[in-house]
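Engineer:
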Amino acid sequence: MKAPLASLLLLPAVSALAAQDFKLHSFTTTQLDIHFWSEGANFGDFNKDGKMDIVAGPYWYAGPDFKQRTEYYPATRTFKLKQDDGSEKTLPGFEGGLGKNNTYSDNFFAYAHDFNGDGWEDILILGFPGEASHWFENPKGATGPWKKHLALDVTDNESPTFTDITGDGKPEIVCNSKGFYGYAVPDPANPTAPFTWHSITPNNNYHKFTHGMGYGDVNGDGRTDILEKGGWWEQPASLAGDPVWQFHEFMFSPGGGSQMFAYDVNGDGLNDVITSLAAHGYGLAWYEQVKTGGKIDFKAHTFMNKELDENKYGVAFSQLHAVDLVDMDGDGLKDLVTGKRFWAHGATGDPDPNAPAVLYWFKLVREAGGGVDWVPQLIDGNSGVGTQVIARDINGDGYPEIVVGNKKGTFFTAHAVKKVSEAEWKAAQPKPYVKPKDSAAKAWVKSKTSTKSRTVSSGSSASARNPPWRKQSCQSPRCC
Numbered sequence: 071m072k073a074p075l076a077s078l079l080l081l082p083a084v085s086a087l088a089a090q091d092f093k094l095h096s097f098t099t100t101q102l103d104i105h106f107w108s109e110g111a112n113f114g115d116f117n118k119d120g121k122m123d124i125v126a127g128p129y130w131y132a133g134p135d136f137k138q139r140t141e142y143y144p145a146t147r148t149f150k151l152k153q154d155d156g157s158e159k160t161l162p163g164f165e166g167g168l169g170k171n172n173t174y175s176d177n178f179f180a181y182a183h184d185f186n187g188d189g190w191e192d193i194l195i196l197g198f199p200g201e202a203s204h205w206f207e208n209p210k211g212a213t214g215p216w217k218k219h220l221a222l223d224v225t226d227n228e229s230p231t232f233t234d235i236t237g238d239g240k241p242e243i244v245c246n247s248k249g250f251y252g253y254a255v256p257d258p259a260n261p262t263a264p265f266t267w268h269s270i271t272p273n274n275n276y277h278k279f280t281h282g283m284g285y286g287d288v289n290g291d292g293r294t295d296i297l298e299k300g301g302w303w304e305q306p307a308s309l310a311g312d313p314v315w316q317f318h319e320f321m322f323s324p325g326g327g328s329q330m331f332a333y334d335v336n337g338d339g340l341n342d343v344i345t346s347l348a349a350h351g352y353g354l355a356w357y358e359q360v361k362t363g364g365k366i367d368f369k370a371h372t373f374m375n376k377e378l379d380e381n382k383y384g385v386a387f388s389q390l391h392a393v394d395l396v397d398m399d400g401d402g403l404k405d406l407v408t409g410k411r412f413w414a415h416g417a418t419g420d421p422d423p424n425a426p427a428v429l430y431w432f433k434l435v436r437e438a439g440g441g442v443d444w445v446p447q448l449i450d451g452n453s454g455v456g457t458q459v460i461a462r463d464i465n466g467d468g469y470p471e472i473v474v475g476n477k478k479g480t481f482f483t484a485h486a487v488k489k490v491s492e493a494e495w496k497a498a499q500p501k502p503y504v505k506p507k508d509s510a511a512k513a514w515v516k517s518k519t520s521t522k523s524r525t526v527s528s529g530s531s532a533s534a535r536n537p538p539w540r541k542q543s544c545q546s547p548r549c550c
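And the structure:
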């Protein structure tokens with residue numbers, strides 16, 4: 071059931087918290103399951119022992135070692151793999167990295183929340199785009215399948231989320247559904263009833279495979295707005311009567327990215343927008359909020375793209391279909407955790423589908439004069455992300471661990487920190503990229519990953535102002 075990865079990556083993930091306080095970050099990734107059950111995973115305390123557990127697919131894994139797993143809904147899915155001799159072998163799960171064909175799971179996002187107020191965390195699953203979402207009632211230590219309850223009959227978008235959008239301290243499903251953007255609210259007085267849907271937009275015929283969505287307070291009025299690839303929806307002062315929110319058009323990512331965030335990147339007091347540029351292509355950017363005649367506008371800063379020299383440190387990978395924003399090193403600034411979604415459209419789809427499934431964090435550094443640097447730190451070279459990546463401090467040391475579910479399986483990454491000398495710290499710093507001569511290029515690329523070298527796709531490059539209109543946007547009729 072478990073296949074540990076025999077690698078402790080002593081990576082150049084670094085932070086200087088004080089003049090004489092130098093630290094190195096190391097990561098140990100363990101593969102909890104080699105089978106493809108989900109594209110999302112999360113943490114939660116499901117047995118009330120005070121230790122964080124993991125939920126991925128039909129299983130929850132008991133912390134702190136995650137060696138014991140329990141089904142909470144039947145793990146009955148199988149697929150047949152044709153062998154070289156013509157025979158067939160039946161394997162558990164959906165056909166992912168162990169197979170040959172492109173398939174999708176029915177489990178894209180997982181969240182832990184006590185829906186019925188009994189003190190036990192339940193599990194919310196947002197499934198395949200366009201399908202229903204359900205929550206599973208924790209049996210409070212009893213065995214057997216958890217009771218399944220309908221949450222929302224149609225959950226569209228490829229980056230829906232479960233967060234407090236209304237400001238009442240209680241989370242809601244935020245997504246688009248049946249052509250509208252909006253949110254679905256559970257009823258604590260009747261928790262097993264379907265959630266109540268509230269539209270915030272006109273019916274703009276948003277497709278179920280719409281890419282790119284997020285949230286945050288863009289204009290600083292204390293209310294959470296909703297971000298989409300083509301602009302942001304301003305939350306009004308009152309939500310009574312389900313008013314249509316005001317739309318502010320700005321093309322953040324025509325190709326459609328993944329999770330989007332409003333966050334003050336450069337420390338000027340204005341929230342900026344962070345997004346991947348193409349979930350099925352290349353590009354990672356932040357949009358600096360500026361004021362033009364008193365009106366909110368944005369200035370694009372692309373800090374990673376298709377070509378190695380488009381990143382200060384020579385990092386490039388495709389299919390950034392999941393991003394998390396979290397303080398990874400305890401310096402008070404939120405960093406980015408993202409990576410490559412392995413085989414998002416199978417072994418022959420999307421740019422570089424068979425390149426290493428890397429997982430990175432990008433350290434946010436605010437420089438003198440208002441400049442910003444995002445310093446890339448390799449976490450793992452053979453896990454990547456799914457449609458969800460979650461980084462959360464589960465042991466109280468102030469440094470987040472990471473959980474991922476995808477077509478390669480289920481992965482948990484532990485995070486450790488040690489103090490080092492200034493010389494060791496400086497030696498571990500990533501070096502600025504210098505474009506090598508053609509004869510040295512392949513060797514340089516190979517040195518930047520812990521697995522086989524990456525090949526650079528011939529697909530067109532994205533940029534914040536000139537993103538991938540066609541080649542990197544999703545063209546599949548079953549895009550996800």
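Under the numbering used here, the sequence shown has 214 at position 144, and the numbering climbs by one with no breaks.
From the three backbone atoms N, C-alpha and C, an ideal C-beta is built for every residue, glycine too.
Alpha carbon to alpha carbon, what distance is there between Val445 and Ser491?
Structural biologist: Distance between the alpha carbons of Ser491 and Val445: 20 Å.
Engineer: Alpha carbons only, please: which of Gly311, Ala332, Gln389 is nearest the one belonging to Ala348?
Structural biologist: Checking every option, the nearest Cα to that of Ala348 belongs to Gln389.
Engineer: So is Glu191 buried or exposed if we call it buried at 16+ other beta carbons inside 10 Å?
Structural biologist: Label assigned to Glu191: buried.
Engineer: Under 8 Å Cβ to Cβ from Leu309, same chain only, skipping five residues before and after it: list those, please.
Structural biologist: If we look at Leu309 and ignore the five residues flanking it on each side, its Cβ neighbours are Thr236, His268.
Engineer: Would a C-beta distance cut-off of 8 Å place Asn555 and Asp226 closer than the cut-off?
Structural biologist: Because the chain spans 71 through 550 in this model, residue 555 falls outside it and cannot be assessed.
Engineer: Under 8 Å between the Cβ atoms of Pro272 and Val314?
Structural biologist: Yes; because the gap between Cβ atoms is below 8 Å, this pair is in contact.
Engineer: Report the three-state DSSP secondary structure of Asp420 (helix, strand or coil).
Structural biologist: Three-state result, Asp420: coil.
Engineer: So who's on the other strand from Asn246, going by DSSP bridges?
Structural biologist: DSSP lists Asp226, Tyr251 as partners of Asn246.
Engineer: Express the C-alpha separation of Leu448 and Ala332 in angstroms, rounding to a whole number.
Structural biologist: Cα-Cα distance, rounded: 24 Å.
Engineer: So which of Glu358, Gln329, Met330, Pro324 has the shortest CA-CA distance to Asn336?
Structural biologist: Out of Glu358, Gln329, Met330, Pro324, Glu358 has the C-alpha closest to the C-alpha of Asn336.
Engineer: Taking the C-alpha atoms as reference points, what is the distance between Phe432 and Glu158?
Structural biologist: Approximately 43 Å, taken between the alpha carbons.
Engineer: Per DSSP, Arg436 forms a beta bridge with which residues?
Structural biologist: Val442.
Engineer: Nearest-angstrom Cα distance between Ala111 and Lys369?
Structural biologist: Approximately 34 Å between the Cα atoms of the pair.
Engineer: Measuring straight from C-alpha to C-alpha, what distance separates Asn172 and Thr362?
Structural biologist: Whole-angstrom Cα-Cα distance: 46 Å.
Engineer: Pop quiz: Gly127 and Asn177 are said to be a contact at Cβ under 8 Å. What is the actual Cβ separation, rounded to whole angstroms?
Structural biologist: Their Cβ separation, rounded to whole angstroms, is 6 Å, which keeps Gly127 and Asn177 in contact under 8 Å.
Engineer: Hey, how far is the Cα of His457 from the Cα of Ala392?
Structural biologist: Sequence inspection shows Thr at residue 457; the His mentioned does not correspond to that position. Cα to Cα, the separation comes out at about 5 Å.
Engineer: Hey, Val125 and Gly133: beta-carbon distance below 8 Å or not?
Structural biologist: For Val125 and Gly133, no; Cβs fall outside 8 Å.
Engineer: Return the CA-CA distance between Gly166 and Lys150, expressed in angstroms with no decimal places.
Structural biologist: Their Cα atoms are separated by approximately 11 Å.
Engineer: Indicate whether Gln101 and Gly416 have their beta-carbon atoms separated by less than 8 Å.
Structural biologist: Not in contact: Gln101 and Gly416 (Cβ atoms no closer than 8 Å).
Engineer: Judging by CA-CA distance, which residue of Leu220, Tyr129, Pro502 is the nearest neighbour of Gly214?
Structural biologist: Of the listed residues, the one whose Cα sits closest to Gly214 is Tyr129.
Engineer: Going by DSSP, what residue range makes up the beta strand (DSSP E) through Ala461?
Structural biologist: Residues 459–462.
Engineer: Can you find the residues in the same chain that come closer than 7 Å, C-beta to C-beta, to Asp397, ignoring five residues on each side of it along the sequence?
Structural biologist: Around Asp397: Leu403, Lys404, Asp405.
Engineer: Can you name, in chain order, every residue of its own chain whose Cβ lies under 7 Å from the Cβ of Pro209, other than the five neighbours on each side?
Structural biologist: The residues are Trp216.
Engineer: Which same chain residues end up closer than 8 Å to Gly187 when comparing Cβ atoms and leaving out the 5 residues on each side of it in sequence?
Structural biologist: Only Pro258, Pro261 meet the Cβ criterion.
Engineer: Can you list, in chain order, the stretches of the beta strand (DSSP E) that have 3 or more residues and sit fully within the region 342–367?
Structural biologist: As far as the region 342–367 is concerned, its whole beta strand (DSSP E) runs of at least 3 residues are 342–346, 354–362.
Engineer: From what residue to what residue does the alpha helix (DSSP H) around Lys496 run?
Structural biologist: Note, Lys496: alpha helix (DSSP H), 492–498.
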